[in-house]
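A quick write-up on the structure given underneath.
Protein chains: 2
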Amino acid sequence: MGKLTVVGIGPGDYENMTVRADRALQECQVVVGYHVYVDLVRARYPDKEFLTTPMTREADRCRMALDAARSGKDVAMVCSGDSGVYGMAGLVYQLRGEAVDPEVSVVPGLTAACSGAAVLGAPLTHDFAVISLSDRLTPWEKIEGRLSAAAEADLSIVLYNPASKGRPGHLRRACEILLETLPENRLCGVVRNIGRPGEEGRLLSLGELRGFEADMFCTVFIGNSQTVPIAGKMITPRGYRNV
Amino acid sequence: MGKLTVVGIGPGDYENMTVRADRALQECQVVVGYHVYVDLVRARYPDKEFLTTPMTREADRCRMALDAARSGKDVAMVCSGDSGVYGMAGLVYQLRGEAVDPEVSVVPGLTAACSGAAVLGAPLTHDFAVISLSDRLTPWEKIEGRLSAAAEADLSIVLYNPASKGRPGHLRRACEILLETLPENRLCGVVRNIGRPGEEGRLLSLGELRGFEADMFCTVFIGNSQTVPIAGKMITPRGYRNV
Numbered sequence: 036m037g038k039l040t041v042v043g044i045g046p047g048d049y050e051n052m053t054v055r056a057d058r059a060l061q062e063c064q065v066v067v068g069y070h071v072y073v074d075l076v077r078a079r080y081p082d083k084e085f086l087t088t089p090m091t092r093e094a095d096r097c098r099m100a101l102d103a104a105r106s107g108k109d110v111a112m113v114c115s116g117d118s119g120v121y122g123m124a125g126l127v128y129q130l131r132g133e134a135v136d137p138e139v140s141v142v143p144g145l146t147a148a149c150s151g152a153a154v155l156g157a158p159l160t161h162d163f164a165v166i167s168l169s170d171r172l173t174p175w176e177k178i179e180g181r182l183s184a185a186a187e188a189d190l191s192i193v194l195y196n197p198a199s200k201g202r203p204g205h206l207r208r209a210c211e212i213l214l215e216t217l218p219e220n221r222l223c224g225v226v227r228n229i230g231r232p233g234e235e236g237r238l239l240s241l242g243e244l245r246g247f248e249a250d251m252f253c254t255v256f257i258g259n260s261q262t263v264p265i266a267g268k269m270i271t272p273r274g275y276r277n278v
Numbered sequence: 036m037g038k039l040t041v042v043g044i045g046p047g048d049y050e051n052m053t054v055r056a057d058r059a060l061q062e063c064q065v066v067v068g069y070h071v072y073v074d075l076v077r078a079r080y081p082d083k084e085f086l087t088t089p090m091t092r093e094a095d096r097c098r099m100a101l102d103a104a105r106s107g108k109d110v111a112m113v114c115s116g117d118s119g120v121y122g123m124a125g126l127v128y129q130l131r132g133e134a135v136d137p138e139v140s141v142v143p144g145l146t147a148a149c150s151g152a153a154v155l156g157a158p159l160t161h162d163f164a165v166i167s168l169s170d171r172l173t174p175w176e177k178i179e180g181r182l183s184a185a186a187e188a189d190l191s192i193v194l195y196n197p198a199s200k201g202r203p204g205h206l207r208r209a210c211e212i213l214l215e216t217l218p219e220n221r222l223c224g225v226v227r228n229i230g231r232p233g234e235e236g237r238l239l240s241l242g243e244l245r246g247f248e249a250d251m252f253c254t255v256f257i258g259n260s261q262t263v264p265i266a267g268k269m270i271t272p273r274g275y276r277n278v
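If you read the protein sequences in the order shown, they are chains A and B.
For the first sequence, the numbering used here assigns the number 36 to the initial residue and increments by one for each residue that follows.
For the second sequence, the numbering used here assigns the number 36 to the initial residue and increments by one for each residue that follows.
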């Protein structure tokens, strides 16, 4: 029986991987993942067996990884960002159930909230909420409720999956909900291609964000009531009695 | 003029540092930080100049780092966890103001939400809020409002700074607020000494958490309505239409 390590590889470049994630990939025999993420690591770990599945086949991917470990191989399942946050670690545990084999361990990685924030400056110094705009597995009403609650509680907000081919209007709808509570000039930021070629960050107001054409490579940040632009960066102070 | 890099070193061990954080520490001449965090990296980068300040002297620490960079040295300012989330990156930008020198860059690191979640299993697969129970810089009423909002929106919640010498009853008070909305049996987890000797995680109910004696080395996780224990791990499914 091999072991299965669920590895968060961070935004995609080697520099933003942890030493532990690198070691897990070096030591495994089989790398399993969504083909885009597997391609991010393939060149650095060439002498591995690679197993990939298309997008949305997450359960198949986890079963493939568990089966490879059961067949006696040490398996690394790669997730972009963190292995937990919208990642596969939970599904692996669910599909393994109450069995103790194969041994599963979780290697955390930089999630886009942290890696994207560093590009913009420091938008998440204080309390924040992470909310995905994907309604593939979650009712949209639930997402709306979370957006409203976070805005009313003056949390900074990070939006994952702000857009995809099947959800072109989600960011606009999210902004309209936020604008019921927050002002048009609330400072926001968008980061695109974090840790990859073409990485870019920009600041804009919540009113401007409403009309922004996000794609699936974007992560969106909405500041709290104290967030300010400083020297082109998006900065949230540490607290309400600052410095 | 040197440059200043604000480095998130993750939970504290080398394994959980990113390649980029390691490189920033290798390449700098001066390491600045709270003495406990500096001690975590001192042995691995011995030929550096080390500048430390005690706890709560964050502004002094940032000024010290900026001054060292202005004097011509390349400086790494170390933060535990991420450099942004409750870290020093924002304060560095605030204190530098609209000046363009010294050059500041932010290297993200694993925050306790991600590194602690990996110890417990996968409690943060879905939307979540990160809330600090420290009221040193934030009014307690604001913290209470955020706890209530997160609970009502069915977000998983990560509590940072659940206790300290000056705040012995904060976790109990936070649980009492959460229990106005959430059931006694809501699955929770506590991780202690993430990435350090004595690392341990345990699952407990929200009712049990109310009486738990947390210390400053603990990070606390409160599940959402779907979170379940599986084979001793704390697992939040990916969505409400799971697998």
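The C-beta atom is built at its ideal place from N, Cα and C for all residues, glycine as well.
Please read these numbers as outputs of a predicted model, since none were measured by experiment.
Tell me the rounded alpha-carbon separation between residue i and residue j.
i: residue 192 (chain B); j: residue 187 (chain A); result: 16 Å
i: residue 169 (chain B); j: residue 80 (chain A); result: 43 Å
i: residue 258 (chain B); j: residue 121 (chain A); result: 15 Å
i: residue 249 (chain A); j: residue 233 (chain B); result: 44 Å
i: residue 128 (chain A); j: residue 269 (chain B); result: 9 Å
i: residue 180 (chain B); j: residue 219 (chain A); result: 23 Å
i: residue 116 (chain B); j: residue 195 (chain B); result: 11 Å
i: residue 37 (chain A); j: residue 114 (chain B); result: 36 Å
i: residue 45 (chain B); j: residue 83 (chain A); result: 28 Å
i: residue 140 (chain B); j: residue 221 (chain A); result: 24 Å
i: residue 242 (chain B); j: residue 204 (chain B); result: 15 Å
For residue i, return the contacting residues in chain B, with the cut-off set at a CB-CB distance below 8 Å.
i: residue 52 (chain A); result: 53 and 54
i: residue 111 (chain A); result: None at all; the shortest Cβ gap to chain B is about 14 Å.
i: residue 270 (chain A); result: 125, 128 and 129
i: residue 122 (chain A); result: 157 and 160
i: residue 132 (chain A); result: 265 and 266
i: residue 177 (chain A); result: 189 and 275
Check whether the Cβ atoms of residue i and residue j lie closer than 8 Å to each other.
i: residue 265 (chain B); j: residue 151 (chain B); result: no
i: residue 66 (chain A); j: residue 76 (chain A); result: yes
i: residue 42 (chain A); j: residue 94 (chain A); result: no
i: residue 174 (chain B); j: residue 275 (chain A); result: yes
i: residue 54 (chain B); j: residue 52 (chain A); result: yes
i: residue 225 (chain B); j: residue 239 (chain B); result: yes
i: residue 255 (chain B); j: residue 223 (chain B); result: yes
i: residue 273 (chain A); j: residue 125 (chain B); result: yes
i: residue 190 (chain A); j: residue 213 (chain A); result: no
i: residue 118 (chain A); j: residue 209 (chain B); result: no
i: residue 109 (chain A); j: residue 64 (chain A); result: yes
i: residue 85 (chain A); j: residue 71 (chain A); result: no
What residues from chain C crowd round residue i, counting only those whose CB sits closer than 9 Å?
i: residue 190 (chain B); result: No chain C is present in this structure, whose protein chains are A and B.
Name the chain A residues that come within less than 8 Å of residue i, Cβ to Cβ?
i: residue 202 (chain B); result: Within chain A, no residue comes near residue 202 (chain B); the closest Cβ sits about 14 Å away, beyond 8 Å.
i: residue 135 (chain B); result: 266
Note down, in chain order, every chain A residue with its Cβ under 7 Å from the Cβ of residue i.
i: residue 102 (chain B); result: Going along chain A, no residue has its Cβ under 7 Å from residue 102 (chain B), so there is no contact; the nearest lies around 16 Å.
Return the chain-ordered list of same chain residues with a C-beta closer than 8 Å to the C-beta of residue i, the five sequence neighbours on each side being excluded.
i: residue 49 (chain A); result: 57 and 79
i: residue 211 (chain B); result: 245
i: residue 130 (chain A); result: 94, 97, 98 and 101
i: residue 207 (chain A); result: 245 and 246
i: residue 160 (chain A); result: 270, 271, 272 and 273
List the residues of chain A whose Cβ lies closer than 9 Å to the Cβ of residue i, in chain order.
i: residue 173 (chain B); result: 161, 162, 273, 274, 275 and 276
Using C-beta distances below 7 Å, list every residue in its chain close to residue i, excluding the 5 sequence neighbours before and after it, in chain order.
i: residue 59 (chain B); result: 40, 42, 111 and 142
i: residue 47 (chain B); result: 75, 115, 230 and 231
For residue i, which residues of its own chain have a beta-carbon under 6 Å away from its beta-carbon, when the five flanking residues on both sides are left out?
i: residue 199 (chain B); result: 251
i: residue 260 (chain A); result: 189
i: residue 185 (chain A); result: 164 and 192
i: residue 197 (chain B); result: 168, 206, 249, 253 and 255
i: residue 162 (chain B); result: 190
i: residue 267 (chain A); result: none
i: residue 156 (chain A); result: 268, 269 and 270
Which residues in chain B sit within 7 Å of residue i, going by Cβ to Cβ distance?
i: residue 149 (chain A); result: 117, 119, 120, 143 and 146
Touch test, the stretch 142-156 of chain A against the stretch 100-108 of chain A, Cβ-Cβ under 8 Å, three pairs minimum: no
Would you call the stretch 129-141 of chain B and the stretch 81-90 of chain B in contact, with 3 or more CB pairs under 8 Å? With the cut-off at 8 Å, the stretch 129-141 of chain B and the stretch 81-90 of chain B do not touch.
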